[in-house]
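Q: So the sequence shown is numbered by our numbering: it starts at 148 and just counts up by one.
If you scroll down you'll find the structure; I have some questions about it.
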Amino acid sequence: MKSKKLLFLYPALLIVVMVTMYMLRPASTLPTAERDYPEIREEGILRIVTEYNQSGYYISGEAIEGFQYELSQAIARLSGLEVQIGLEMSLEESFTKLNRNEYDIIARNIPVTTEMRESWLFTEPMLLNRQVLVQRKAEANEQIPPIRNQIELGGKTLYIPKGSPALLRLHNLAEEIGDTIWIIEEERYSTEQLLIRVARSEIDYAVCDLHITQRYLEQFPELDIRTDISFTQLQSWALRKTSPVLLDSLNSWLVKIKETGVYEQIYKRYYTPKD
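Structure below.
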């Protein structure tokens, strides 16, 4: 009897494995035909890629949360499209997959520069944000005073997540101060993990978004984020140059989300510092 049960069990397990392998197939095997809003509307699916953190998408208990995730769900309700979320920590890889038509939108807080506008389309601004230096307060850093002048960054080692938009700013800053800034792009650690490593004295400096770091000050009061690395920047979602109709539609949905107060509710949930 046991052998008969196993006989039926093995084919079932084989089917499960085959389905799982199909679902986890490399993204490069997905169709790469040009996609703008007419093609997306015809299929009924909008593909969005974001990162796994509180700003993008994360799992809290049994719920899925995240600033970008909640915005994407609001867009799904307005547009009537099914929104499929993909996760990718590397911004560089996200742009590669966007270019291959594997995704339609990069939903991240991307600083919009003149150079980037030459290659990509961007939505109306989502956030005003800036990059800050994350370091430990003097009392948590063996009485070493925190850096307050950007000139003092010369010769220092700064950590950023792999593909961070802060990379270009740091290269420009090194030229401005006329000194070398050593930059380490971490492939294994997200922004949140770099904050924790600074707090634990595993590294001395990281460069992160102000909006993200503010969320962690209550949990890690030893952190100091008072030194700006960049000016205030407009941050938006990115699309391919070949998706102008989708951009128009997306901007119209975002306007409605803001007019109804939904955007403000989502923003406060993720970016308003706790008292």
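Every residue gets a Cβ at the ideal spot worked out from N, C-alpha and C, and that includes glycine.
Might you give, ordered along the chain, the residues of its own chain that have their beta carbon closer than 7 Å to the beta carbon of E334, omitting 5 neighbours on each side?
A: K309.
Q: What is the C-beta distance between G213 and S226, in whole angstroms, given that I count them as a contact (C-beta under 8 Å)?
A: Not confirmed; about 19 Å, so no contact.
Q: Going by beta carbon distance, what residues of the same chain come within less than 6 Å of V392, once the five residues before and after it are set aside?
A: Counting only Cβ-Cβ distances below 6 Å, and skipping sequence neighbours, we find D183, Y184.
Q: Could you spell out the range, first to last residue, of the alpha helix (DSSP H) harbouring Q412?
A: Segment 409–418, the alpha helix (DSSP H) holding Q412.
Q: Report yes or no: do the stretch 363–378 and the stretch 275–283 share at least 3 C-beta pairs separated by less than 8 Å?
A: Flag = yes, the stretch 363–378 and the stretch 275–283 touch.
Q: Let me know the secondary structure DSSP gives F242 once reduced to three states.
A: Three-state result, F242: helix.
Q: Apart from the five residues just before and just after N398, which ones in its own chain have a Cβ nearer than 7 Å to its Cβ?
A: Once the five neighbours on either side are set aside, the close Cβ partners of N398 are T270, E271.
Q: Return the residue from the list L401, T261, R344 that minimises the CA-CA distance to I307.
A: Nearest of L401, T261, R344 to I307, Cα basis: R344.
Q: Ends of the alpha helix (DSSP H) at N398?
A: N398 -> alpha helix (DSSP H) spans 391–406.
Q: Taking the beta strand (DSSP E) that A346 falls in, what are its first and last residues?
A: Premise fails: A346 lies in the alpha helix (DSSP H), 338–346, not in any beta strand (DSSP E).
Q: With distances taken Cα to Cα, identify the nearest neighbour of E365 among G301, I252, A346, V259.
A: It is A346.
Q: State the start and end residues of the unbroken alpha helix (DSSP H) segment that holds E186.
A: Start and end: 184–190.
Q: Using only the alpha-carbon positions, how far apart do Q340 and R387 sit?
A: Roughly 30 Å between the two C-alpha positions.
Q: So what does Q282 bridge to, in DSSP terms?
A: The partner list for Q282 (beta bridge, DSSP) reads D371.
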